[in-house]
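Working notes, beginning with the structure itself.
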Amino acid sequence: MEELLQLIQANIQYAHFIIFGALLLAGLNIPVSEDAMIFISALLASKYPDYLPHLFIGVYLGAYFSDLICYCLGRFLGPKLFEIRFFANMVPPERITKISAFYQRFGVITLILGRFIPFGVRNALFLTAGLGKMNFFKFALSDLLACTISTISFFTLYYHYGESVINYIKQANILIFSLAFLLIGVFWYRKKRVA
C-alpha cells in the first residue's frame, strides 16, 4: 500500500484517474481494496486540499461503477461464472438464494449494511444481485444510495482522522466478526441439539 500511495502521490494531478481505474478493476473481482482506495484518496485530499473534489469524485464514481460492473458480471454471465473456480468458490448457489431472500425481504438495507462489511462481502452482494436477476434500475438506485452513504462516511472519517481511525476500524471489525462467529456457533449448537 505504501508503494501505491507513493505512486499516486508522485502523480497527484492524475490520482483521481488512477484511483477510479483501480476501482473499476475491483468490479471485475481483481483484488483491489475499495477501503484502501477511499483511505488513500482521503489522505491525499488532506495533504493536497486543492485536489479534494477530484479525489472524492474519483473514488466515489469508481466505487459506484465498480458495483455496477460486478452486478453485470452476475447478470449477464450468470451460471457461466460457476465454471470459473474463483467465482464458484466466492458465491455458492445456496448463498445466492439466501442473499436474494435478503434483497426481497430487506431491499436497500441489505446493500447499505453490506457496503460497510469488508473482505469481499460487497462484491459477493453485487454479484449475487446480478445472478438473482434483481431489477437493474432498482439495484442501481439502491446502490447509489448505499454507495453515497458509505463513501461519504469513510472518506470523511479518513479525511479528518487519517491513520488513527484505521486502528478503531480494525478493532470494530474484530468485534463484528467475533460476534458473527459467536452467533453462528449458538445457531449451530441449537440446531444440533434439536436434531
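Per this note's numbering, the very first residue in the sequence shown carries number 47; after that it's consecutive.
We put the CB at the ideal spot given by N, CA and C, even for glycine.
Just so you know, these numbers come straight off a predicted model, no measurement behind them.
DSSP state of residue i mapped onto helix, strand, coil
i	result
Pro95	helix
Glu209	coil
Ile76	coil
Ile276	Summary: the structure shown does not reach residue 276, with the chain confined to residues 47 through 241, and so no result is reported for it.
Gly120	helix
Gly67	helix
Arg161	coil
Ile130	coil
Gly104	helix
Proximity of residue i and residue j at Cβ, strictly below 8 Å
i	j	result
Ala91	Leu98	yes
Phe172	Asp81	no
Leu101	Ala61	yes
Thr174	Ile145	yes
Gly176	Cys118	yes
Lys184	Arg121	no
Gly73	Ile103	no
Val105	Thr197	yes
Gly208	Leu89	yes
Tyr94	Ile58	yes
Asn181	Asn75	no
Thr156	Tyr149	yes
Leu70	Phe111	yes
Are at least three pairs of beta-carbons, each pair with one atom in the stretch 152 to 163 and one in the stretch 178 to 196, less than 8 Å apart? yes
Counting pairs of Cβ atoms below 8 Å between the stretch 81 to 95 and the stretch 138 to 156, do you hit three or more? no
Length-filtered (3 minimum) beta strand (DSSP E) runs lying within the stretch 167 to 207: Considered as a whole, the stretch 167 to 207 harbours no complete run of any beta strand (DSSP E) with no fewer than 3 residues.
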